[in-house]
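J.: Just so you know, the protein sequences line up as chains A and B, in that order.
1 is the number of the first residue of the first sequence in my numbering; add one for each residue after it.
1001 is the number of the first residue of the second sequence in my numbering; add one for each residue after it.
There are 2 protein chains.
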Amino acid sequence: MRPIGHVRTPHSRHSDVPKGRGAKHVAEGEIVVYPEFEQGLTDIEGMSHLFIIWGFSEADGFSLMAHPPSDDRPHGVFATRSPRRPNPIGLTVVELLKREGNVLHVRGVDMLDGTPVLDIKPYLSSIPAEKLSRGWLDEAEAREEDI
Amino acid sequence: MRPIGHVRTPHSRHSDVPKGRGAKHVAEGEIVVYPEFEQGLTDIEGMSHLFIIWGFSEADGFSLMAHPPSDDRPHGVFATRSPRRPNPIGLTVVELLKREGNVLHVRGVDMLDGTPVLDIKPYLSSIPAEKLSRGWLDEAEAREEDI
């Protein structure tokens, strides 16, 4: 695995990234693809949304149980977005605003500035919201509403 | 990077995997997580859908331009799901049918049998279909309809 580029975001520290329930990822940023990979962006400008697969550059080991900011109970790491995963891979869906050569201007970045990018893929279909269950996260939200 | 498990699917050859426009990924399979990572699945059973991040074990180098089966024109690899990518990472959304210990029974596998799994993440939100543009894929479909 080697970076194909990096992300420019307004988040220089973990505390800058909105987290937890109701967090909106609306920050704008740039995916800077290294020039030798620029041809791979051909025709990407027609896509409204992209998957960005990236590396947690600051992850320090992993833990099979995670304590997500959206709940006061721990959950298995694979049921959360915790950075402390066996393989330090992140996944973010961004909206593509504009392409300028090897730079993609996007909305929805939740990575730290300088994060290495491993892959970019087109977002081609959605699971309809009414078919989606989010397990512990739905339950945590319901408990909150009961208070 | 090291596998956290592997996928059992009905697809033993590339030609077994439905491809191209209108391909439905409804095949059922299993994500077999290695026992040492099983605790990381805690509470995942409430999630209806998951992202599976996996490795293309048979990918042979990469090409910045791809010829997807859904079009007769080439496109940049990052605007396609081509396996021949700079980093051989695959991403598939599956529906979680049932968890049995370290085995997740899922629908929607499009990987070859035995594919190594790198990460599992919860699918927590969708881009509404009406907000989605799919660029060259929408255009290829429109041309098809014009014929």
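Glycine included, each C-beta is placed from N, C-alpha and C at the ideal position.
(1) Taking 7 Å as the limit between beta carbons, can you name the residues of its chain near serine 82 (chain A), skipping five residues before and five after?
(2) Just by C-beta distance, which residues in the stretch 1001–1020 of chain B are closer than 8 Å to chain A?
(3) Please list, in chain order, the chain B residues whose beta carbon lies closer than 7 Å to that of tryptophan 54 (chain A).
(4) Which value, in whole angstroms, describes the spacing of the CA atoms of threonine 1009 (chain B) and serine 1057 (chain B)?
(5) Below 8 Å on C-beta distance, what does lysine 24 (chain A) contact in chain B?
(6) Classify valine 1026 (chain B): buried if its beta carbon has 16 or more other beta carbons within 10 angstroms, exposed otherwise.
(7) Taking 8 Å as the limit between beta carbons, can you name the residues of its chain near glycine 1076 (chain B), skipping five residues before and five after?
(8) With the cut-off set at 8 Å, would you say histidine 1049 (chain B) and valine 1094 (chain B) are in Cβ contact?
(9) The stretch 89–118 of chain A: which residues have C-beta closer than 7 Å to a C-beta of chain B, in chain order?
(10) Could you check whether the stretch 100–109 of chain A touches the stretch 124–143 of chain A, counting it as contact only if at least three pairs of C-beta atoms, one from each stretch, sit closer than 8 Å?
(11) Tell me, please, whether the CB atom of proline 128 (chain A) is closer than 8 Å to any CB atom in chain B?
(12) Buried or exposed, going by whether 16 or more other CB atoms sit within 10 Å of the CB of lysine 98 (chain A)?
(13) Using C-beta distances below 8 Å, list every residue in its chain close to aspartate 1060 (chain B), excluding the 5 sequence neighbours before and after it, in chain order.
(14) If you check the beta carbons only, do valine 1033 (chain B) and leucine 1041 (chain B) fall under 8 Å apart?
T.: Let's see:
(1) Ala66, Pro68
(2) Met1001, Arg1002, Ile1004
(3) Result: empty, since nearest Cβ-Cβ is about 11 Å, beyond 7 Å.
(4) For the pair threonine 1009 (chain B) and serine 1057 (chain B), the Cα-to-Cα distance works out to about 14 Å.
(5) The premise fails here: lysine 24 (chain A) is roughly 11 Å from chain B at the closest Cβ pair, so nothing lies under 8 Å.
(6) exposed
(7) For glycine 1076 (chain B), same chain residues with a beta-carbon under 8 Å away, outside a window of 5 residues either side, are Leu1064, Met1065, Ala1066 in chain order.
(8) yes
(9) Ile89, Leu91, Val93, Leu118
(10) no
(11) yes
(12) exposed
(13) Arg1084
(14) yes
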